[in-house]
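Novice: Residue numbers (full-length UniProt numbering), protein chains in the order written: chain A, 1 to 710; chain B, 1 to 156. Sending over a structure as structure tokens; questions will come in a sec.
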Amino acid sequence: MSTPSPTPKLPVSLAVNPKLSSWVKFTDEGHVAISPGKVEIGQGIVTALAQIAADELDVDIARVEMIRASTAASPNEGVTSGSLSIQQSGRALRQVCAEVRLLFLVAASERLGVDASRLDINDGTISGPGNVRTSYWELAGEVSLDREATADAIAKRAALRGIAGQSIQRVDIPDKVFARPRFIHDRALPGLLHGRVLRPDISGAKLIALDEAAARAVPGFIAIVRDGGFAGVVADSEGAAEAALKALRKGATWSAGEPLPNEDDLAGFLRTQPVETTIIDTRSSAKTSKPSRTVRRQYTRPYIAHASIAPSCAMAQWNGDRVQVWTHSQGVYLLRADLAIVLKLPAESIIVEHMEGAGCYGHNAADDVALDAVLLAKAAGGRPVRVQWSRHDEMSHAPFGAAMAIEIEADLDADNEIVGWRHAIWSNGHAARPGRAAQPALLAATEIANPYPRMISSNPPAANGGGGDRNSVPLYDFPAWTITSHRLLSMPVRTSALRTLGGQANVFAIESLLDEIAALRGEDPIEFRLRHLRDERASDVIRAAARRAQWKSQKRAGVGHGVGFARYKNTGAYCAAIAEIAGDDDIRVKRLTLAVDVGEAINPDGVINQIEGGAIQATSWVLKERVRFDRTHITSTSWTDYPILTFSEVPAVDVEVIQRPEIEPVGAGEAAHGPVTAAIANAVFDGLGVRVRDLPITRDRIIAAMELAS
Amino acid sequence: MPTIRFRLNGTAAAVEVDPDQMLLDVLRGRLGVTGPHFGCGANECGACYVMIGDRAMASCDMPMWSVADKDVTTVEGLGTAEQPHPLQRAFISEQAMQCGYCVSGVLVSAAALLKRNPSPTEAEVRAALDRNLCRCGSHNRMVRAVLRAASETATP
Numbered sequence: 001m002s003t004p005s006p007t008p009k010l011p012v013s014l015a016v017n018p019k020l021s022s023w024v025k026f027t028d029e030g031h032v033a034i035s036p037g038k039v040e041i042g043q044g045i046v047t048a049l050a051q052i053a054a055d056e057l058d059v060d061i062a063r064v065e066m067i068r069a070s071t072a073a074s075p076n077e078g079v080t081s082g083s084l085s086i087q088q089s090g091r092a093l094r095q096v097c098a099e100v101r102l103l104f105l106v107a108a109s110e111r112l113g114v115d116a117s118r119l120d121i122n123d124g125t126i127s128g129p130g131n132v133r134t135s136y137w138e139l140a141g142e143v144s145l146d147r148e149a150t151a152d153a154i155a156k157r158a159a160l161r162g163i164a165g166q167s168i169q170r171v172d173i174p175d176k177v178f179a180r181p182r183f184i185h186d187r188a189l190p191g192l193l194h195g196r197v198l199r200p201d202i203s204g205a206k207l208i209a210l211d212e213a214a215a216r217a218v219p220g221f222i223a224i225v226r227d228g229g230f231a232g233v234v235a236d237s238e239g240a241a242e243a244a245l246k247a248l249r250k251g252a253t254w255s256a257g258e259p260l261p262n263e264d265d266l267a268g269f270l271r272t273q274p275v276e277t278t279i280i281d282t283r284s285s286a287k288t289s290k291p292s293r294t295v296r297r298q299y300t301r302p303y304i305a306h307a308s309i310a311p312s313c314a315m316a317q318w319n320g321d322r323v324q325v326w327t328h329s330q331g332v333y334l335l336r337a338d339l340a341i342v343l344k345l346p347a348e349s350i351i352v353e354h355m356e357g358a359g360c361y362g363h364n365a366a367d368d369v370a371l372d373a374v375l376l377a378k379a380a381g382g383r384p385v386r387v388q389w390s391r392h393d394e395m396s397h398a399p400f401g402a403a404m405a406i407e408i409e410a411d412l413d414a415d416n417e418i419v420g421w422r423h424a425i426w427s428n429g430h431a432a433r434p435g436r437a438a439q440p441a442l443l444a445a446t447e448i449a450n451p452y453p454r455m456i457s458s459n460p461p462a463a464n465g466g467g468g469d470r471n472s473v474p475l476y477d478f479p480a481w482t483i484t485s486h487r488l489l490s491m492p493v494r495t496s497a498l499r500t501l502g503g504q505a506n507v508f509a510i511e512s513l514l515d516e517i518a519a520l521r522g523e524d525p526i527e528f529r530l531r532h533l534r535d536e537r538a539s540d541v542i543r544a545a546a547r548r549a550q551w552k553s554q555k556r557a558g559v560g561h562g563v564g565f566a567r568y569k570n571t572g573a574y575c576a577a578i579a580e581i582a583g584d585d586d587i588r589v590k591r592l593t594l595a596v597d598v599g600e601a602i603n604p605d606g607v608i609n610q611i612e613g614g615a616i617q618a619t620s621w622v623l624k625e626r627v628r629f630d631r632t633h634i635t636s637t638s639w640t641d642y643p644i645l646t647f648s649e650v651p652a653v654d655v656e657v658i659q660r661p662e663i664e665p666v667g668a669g670e671a672a673h674g675p676v677t678a679a680i681a682n683a684v685f686d687g688l689g690v691r692v693r694d695l696p697i698t699r700d701r702i703i704a705a706m707e708l709a710s
Numbered sequence: 001m002p003t004i005r006f007r008l009n010g011t012a013a014a015v016e017v018d019p020d021q022m023l024l025d026v027l028r029g030r031l032g033v034t035g036p037h038f039g040c041g042a043n044e045c046g047a048c049y050v051m052i053g054d055r056a057m058a059s060c061d062m063p064m065w066s067v068a069d070k071d072v073t074t075v076e077g078l079g080t081a082e083q084p085h086p087l088q089r090a091f092i093s094e095q096a097m098q099c100g101y102c103v104s105g106v107l108v109s110a111a112a113l114l115k116r117n118p119s120p121t122e123a124e125v126r127a128a129l130d131r132n133l134c135r136c137g138s139h140n141r142m143v144r145a146v147l148r149a150a151s152e153t154a155t156p
């Protein structure tokens, strides 16, 4: 039997969107338009992708025009999440541009009568011996890019790259510094109207009755939209829309809500709900020695808010039975799919176009507000309607990162070496994004007449990094383990994807217990980790961070040091963090030292920026953040009630990037959170002698841990 | 409705407006000045900061009557791509942001600081920016950028 010749493998995004012209177009002004399906969310992805394209095409990066994703034309790359944009969009674009380059070289060779191997490309000009020359733009009419990628062309070797690998300045920053409208919030469409949606303060309450008279009397009032329990106003200015909403609120009658869990016993709540249980991974070894004791510890993390600085915003405009939507959603096609379900329209009748918003850090209300705008725009007579959520709604109705309880049992032999390891997770699912199910995930879809049920969040499969179980399988070579995930089937608090999904809490738990066992053994926690790692890239980041932080320098009273390590999703970026904290019960994180390995760093300063930002955000989560609620309301609906780290509280952050240009790049956006969380907790033990196993690590928690220990 | 007169980015402005309307709404809605951003509407995040005289203040809860005859400077009034403020140059040099939504307010706070104190220490910069929230974790880059701008404009 003959074996089929191996088909060259296309990068995943390119396999789904193989047509070259959907990614690259040469425009007649000497520019090249690059259309990724991934979107800018403040992570600098647009710049990194421009670098990859410019490098592979041999054009100056100033010629590259990055096109915002739109369902009208862009390749469908699903959602911009999971630190996958460099991996997916970057690899696809690199391959596309290599193929485009080759096609033009062949065309130039024919036109110039010079063998393609003797041609050079310099800033888009193709030249050969005897000063013959042409360019992408001269040849653009002859070379059709309406063809599918073949995987025939081979991208440049690392050593030949000139732009990728450089810390190029980000293309979006000048607009933001000079306040040129770039955010969706700042875009004015002609004839723009403003909408606001009425939502209950009581969790899960439904709108029963509405007195509309006072709202209708507000100057500038245009329309009220009622659809079952969904109600909103449209007005000719934001001020008028706010005033009309305030009047509507006074006239609203709500049903009783649905009870919320006891905030002070999250573990008790999480561990007593109906669950779906999945064995994530097991490992066993015949050689395992008998345990002489078992250490059992429970770790918890609260619900955490995405808490974007900008409230979610969208615009929509109807034209007959077609609607155009402007959104800062992370997935324009996925949002469109959900809109099509709710509106009962074919997807082709809906255009969803991306515009930048503020950082979202996962699935916040970006998608919800888009449906709000679409529903309100129905009453606007063809004019566009812009809807912006309030801070209050952003902090109470948007999905949160799920609370988690994790219990680890470690079997230890007589030398306190780990011989068995059982890690169990109780948590709501970590993903309820739109566009992936037969039912919509959008908030207003649960409010309209004939409402859809609230989507109970689920977990991505382990092959995609998992959800609640993300990073729960140790990277360490323990001889035996069982990892179990219990996903809640009830969801009184709405949850969906927050940066790292379950990764932050799982790394916190694993790395905290490792630290504790190392201390039991009287072994240096870094040595202990290195002894259990078989992956040199893992060991390298730990050693690099330790060297940079001058690990185990002079011990000082009131100062603690701790280490944390993870490889994000066990397949992504390697990151080690060392924290230095100071204080007695009210601690400060003074310094974070990190080393990271993302393979090829397309833009090293961009990687550092993401790691710094992740480290600081994680510090904020660890020291301060916790969604607050009583049995009927989310109560942390303002920055006063949901404080985050301020400029004076931010630690010094020092990052070393280990460059590996020959290794396929991965994303950096979520690598730091788990390691930093663990490093701070371990530094608290080093400095104060107590283990705090419930996040956030506040003064109250430290004092409670001290009382427990004494 | 009364006409309220003030100076906006160095130019005389007059708006016929409800005196209880907030400055941020007037800037963004009536005047199309979108540099100041809405973040919370309660003077808790700094995204909407403008300078009144040489003080950085929230415009989201500042009624128009209180702005009469005042000097209002938004981020647009600091500089342009052609004639950038030293802070704007420094924020580009230091790549001092991730999403950048908070940056217009941070620039205003920093500009107000440098007016009062042209050579601040790092601690003074942090204290001056403490009412500006940044969710992306770009704080240290912004602090470096402010210190860079201060050192570049310092008279030798």
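Cβ coordinates follow ideal geometry from the N, Cα and C atoms, glycine included.
1) Using DSSP with H/G/I as helix, E/B as strand and the rest coil, what is Val33 (chain B)?
2) Considering only the alpha carbon of each residue, which of B:Arg89, B:Gln95, B:Gln88 and B:Pro36 lies closest to Gln43 (chain A)?
3) Alpha helix (DSSP H) containing Lys25 (chain A): first to last residue?
4) Suppose the cutoff is 7 Å on Cβ atoms and the five residues either side in sequence are ignored; what does the same chain contact list for Val692 (chain A) look like?
5) Less than 7 Å between CB atoms is the rule here; does Asn117 (chain B) satisfy it with respect to chain A?
6) I'd like the list of long-range same chain contacts for Met1 (chain A), defined as Cβ closer than 8 Å, with 5 residues on each side in sequence excluded.
7) DSSP puts Pro63 (chain B) in a beta bridge; with which residues?
8) Taking Val218 (chain A) and Ala252 (chain A) to be in contact with their CB atoms under 8 Å, please state how far apart those CB atoms are, rounded to whole angstroms.
9) From A:Gly204, A:Val96, A:Pro492 and A:Thr294, pick the residue whose C-alpha is nearest to that of Pro274 (chain A); which is it?
10) DSSP has Val143 (chain B) in a bridge; who is on the other side?
11) Using a Cβ cut-off of 7 Å (strictly closer), state whether Trp639 (chain A) contacts chain B.
12) Could you compute how far the alpha carbon of Ser5 (chain A) sits from the alpha carbon of His532 (chain A)?
13) Using CA coordinates, which residue listed in B:Asp130, B:Arg144 and B:Asn132 is at the minimum distance from Glu122 (chain B)?
14) Can you have a look at Gln95 (chain A) and say buried or exposed, based on whether 16 or more other CB atoms are within 10 angstroms of its CB?
15) Contact criterion: CB-CB distance below 7 Å. Does Arg534 (chain A) meet it with respect to chain B?
16) Can you pull the chain B residues whose beta carbon is under 7 Å from the beta carbon of Phe178 (chain A), in chain order?
17) For residue 754 (chain A) and chain B, any beta-carbon pair shorter than 7 Å?
18) Can you pull the chain A neighbours of Gly41 (chain B), defined as C-beta to C-beta under 8 Å?
19) Using the C-alpha atoms, what's the distance from Tyr361 (chain A) back to Glu670 (chain A)?
20) Can you name the residues of chain A whose CB is closer than 8 Å to the CB of Asp25 (chain B)?
21) I'd like to confirm the pairing. Which residues does DSSP put opposite Pro532 (chain A) in its beta bridges?
22) Using DSSP bridges, identify the partner residues of Gln317 (chain A).
23) Contact check, Pro399 (chain A) vs Ala432 (chain A) under 8 Å by CB: the rounded distance?
24) In the structure shown, what three-state DSSP assignment does Asp372 (chain A) receive?
25) Taking just the CA atoms, how far does Gly420 (chain A) sit from Thr294 (chain A)?
26) Kindly indicate which three-state DSSP category His185 (chain A) falls into: helix, strand or coil?
27) Tell me the rounded alpha-carbon separation between Asp372 (chain A) and Arg297 (chain A).
28) Identify, in the order they occur along the chain, each residue of the same chain with its Cβ nearer than 7 Å to the Cβ of Arg631 (chain A), setting aside the five sequence neighbours on each side.
29) For a contact defined as C-beta to C-beta under 9 Å, what are the partners of Ser104 (chain B) on chain A?
30) For the 8 Å Cβ check, are there 3 or more pairs between the stretch 468-488 of chain A and the stretch 420-429 of chain A?
31) In this structure, does DSSP put Leu145 (chain A) in helix, strand or coil?
32) Just to check my reading of the structure: Val332 (chain A) and Val352 (chain A) have Cβ atoms closer than 8 Å, yes? What is that Cβ distance to the nearest angstrom?
33) At 9 Å on the CB atoms, spell out the chain B contacts of Ala615 (chain A), in chain order.
34) Taking a cut of 7 Å between CB atoms, which residues from the stretch 157-169 of chain A lie near chain B?
35) Which runs of the alpha helix (DSSP H) fall wholly inside the stretch 533-619 of chain A and span at least 4 residues, in chain order?
36) Could you tell me which chain A residues have their CB closer than 7 Å to the CB of Ala47 (chain B), listed as they occur along the chain?
Specialist: Reading it off the structure:
1) Looking up residue 33 (chain B) in the second sequence gives position 33. Three-state result, Val33 (chain B): coil.
2) Here residue 43 (chain A) is taken as the residue at index 43 of the first sequence, counted from 1. Nearest C-alpha to Gln43 (chain A): B:Gln95.
3) Working through the first sequence from its first residue, we reach residue 25 (chain A) at position 25. Note, Lys25 (chain A): premise wrong, no alpha helix (DSSP H); beta strand (DSSP E) at Val24 to Thr27.
4) Here residue 692 (chain A) refers to the residue found at position 692 of the first sequence. Answer for Val692 (chain A): Ala681, Val684, Arg701, Ile702 and Ala705, listed in chain order.
5) One-based indexing of the second sequence puts residue 117 (chain B) at position 117. It does not; no Cβ of chain A falls within 7 Å.
6) Position 1 of the first sequence, counting from 1, holds the residue named residue 1 (chain A). Below a pLDDT of 50, predicted positions are generally treated as unreliable, and Met1 (chain A), at 40, falls in that range; the measurement from the model is reported next regardless. Excluding sequence neighbours, Met1 (chain A) sits near nothing in its chain.
7) In the second sequence, the residue the question calls residue 63 (chain B) occupies position 63. DSSP lists B:Met22 as partners of Pro63 (chain B).
8) On the first sequence, position 218 is the one that residue 218 (chain A) refers to. On the first sequence, position 252 is the one that residue 252 (chain A) refers to. Val218 (chain A) to Ala252 (chain A), Cβ: 15 Å. No contact.
9) Within the first sequence, the letter at position 274 stands for residue 274 (chain A). When only C-alpha atoms are compared, the closest one is A:Pro492.
10) On the second sequence, residue 143 (chain B) is found 143 positions in, with the first residue counted as 1. According to DSSP, Val143 (chain B) bridges with nothing at all.
11) As a working note, residue 639 (chain A) is residue 639 in the first sequence. True, the Cβ-Cβ gap to chain B drops below 7 Å.
12) The residue you call residue 5 (chain A) lines up with position 5 of the first sequence. The residue you call residue 532 (chain A) lines up with position 532 of the first sequence. Reliability of the predicted coordinates at Ser5 (chain A) is poor, the pLDDT of 48 falling under 50, and the value obtained from them is presented with this limitation in mind. C-alpha separation (whole angstroms): 41 Å.
13) In the second sequence, counting from the first residue as 1, residue 122 (chain B) sits at position 122. It is B:Arg144.
14) Within the first sequence, residue 95 (chain A) is the residue found at index 95, counting from 1. Classification for Gln95 (chain A): buried.
15) Taking the first sequence and counting its residues from 1, one reaches residue 534 (chain A) at position 534. So no, Arg534 (chain A) is outside the interface.
16) What you label residue 178 (chain A) is simply residue 178 of the first sequence in a count that begins at 1. Under the 7 Å cutoff, chain B gives Thr80, Ala81 and Gln88.
17) The structure shown has nothing for residue 754 (chain A), since chain A only spans 1 to 710.
18) Here residue 41 (chain B) is taken as the residue at index 41 of the second sequence, counted from 1. By Cβ distance, chain A contributes Ser390 and Arg391.
19) Sequence index remark: in the first sequence, residue 670 (chain A) carries index 670 (1-based). Sequence index remark: in the first sequence, residue 361 (chain A) carries index 361 (1-based). Taking the straight line joining both Cα atoms gives about 9 Å.
20) Looking up residue 25 (chain B) in the second sequence gives position 25. Neighbours of Asp25 (chain B) on chain A, chain order: Ser237, Glu238 and Gly239.
21) Counted from its first residue, the first sequence places residue 532 (chain A) at position 532. The residue asked about is misnamed: residue 532 (chain A) is His in this sequence, not Pro. For His532 (chain A), which the question treats as bridged, DSSP gives no partner whatsoever.
22) By 1-based counting over the first sequence, the position of residue 317 (chain A) is 317. Answer by DSSP bridge pairing, in chain order: A:Gln324.
23) Counted from its first residue, the first sequence places residue 399 (chain A) at position 399. Counted from its first residue, the first sequence places residue 432 (chain A) at position 432. With a Cβ gap of about 6 Å, Pro399 (chain A) and Ala432 (chain A) count as contacting.
24) Start at 1 with the first residue of the first sequence, and residue 372 (chain A) comes out as number 372. In this structure, Asp372 (chain A) counts as helix in the three-state DSSP scheme.
25) Numbered from 1 along the first sequence, position 294 holds the residue referred to as residue 294 (chain A). Numbered from 1 along the first sequence, position 420 holds the residue referred to as residue 420 (chain A). So the two alpha carbons sit approximately 9 Å from each other.
26) Here residue 185 (chain A) refers to the residue found at position 185 of the first sequence. Reduced to three states, the DSSP call for His185 (chain A) is helix.
27) In the first sequence, the residue the question calls residue 372 (chain A) occupies position 372. In the first sequence, the residue the question calls residue 297 (chain A) occupies position 297. Taking the straight line joining both Cα atoms gives about 44 Å.
28) Residue numbering aside, residue 631 (chain A) sits at position 631 when the first sequence is read from its first letter. Excluding positions up to five away in sequence, the list reads Pro259 and Leu260.
29) Counted from its first residue, the second sequence places residue 104 (chain B) at position 104. Simply Lys176, Val177 and Ala179.
30) yes
31) In the first sequence, the residue the question calls residue 145 (chain A) occupies position 145. Residue state, collapsed to three classes: coil.
32) Residue mapping note: residue 332 (chain A) aligns to position 332 of the first sequence, counting from 1. Residue mapping note: residue 352 (chain A) aligns to position 352 of the first sequence, counting from 1. Right, the Cβ-Cβ distance comes to about 4 Å (below 8 Å), so this counts as a contact.
33) What you label residue 615 (chain A) is simply residue 615 of the first sequence in a count that begins at 1. Ordered by position in chain B, the residues that pass the 9 Å Cβ test against Ala615 (chain A) are Gly137.
34) Gln169
35) 536-548
36) By one-based count along the second sequence, residue 47 (chain B) stands at place 47. Within chain A, the residues near Ala47 (chain B) are Ile309.
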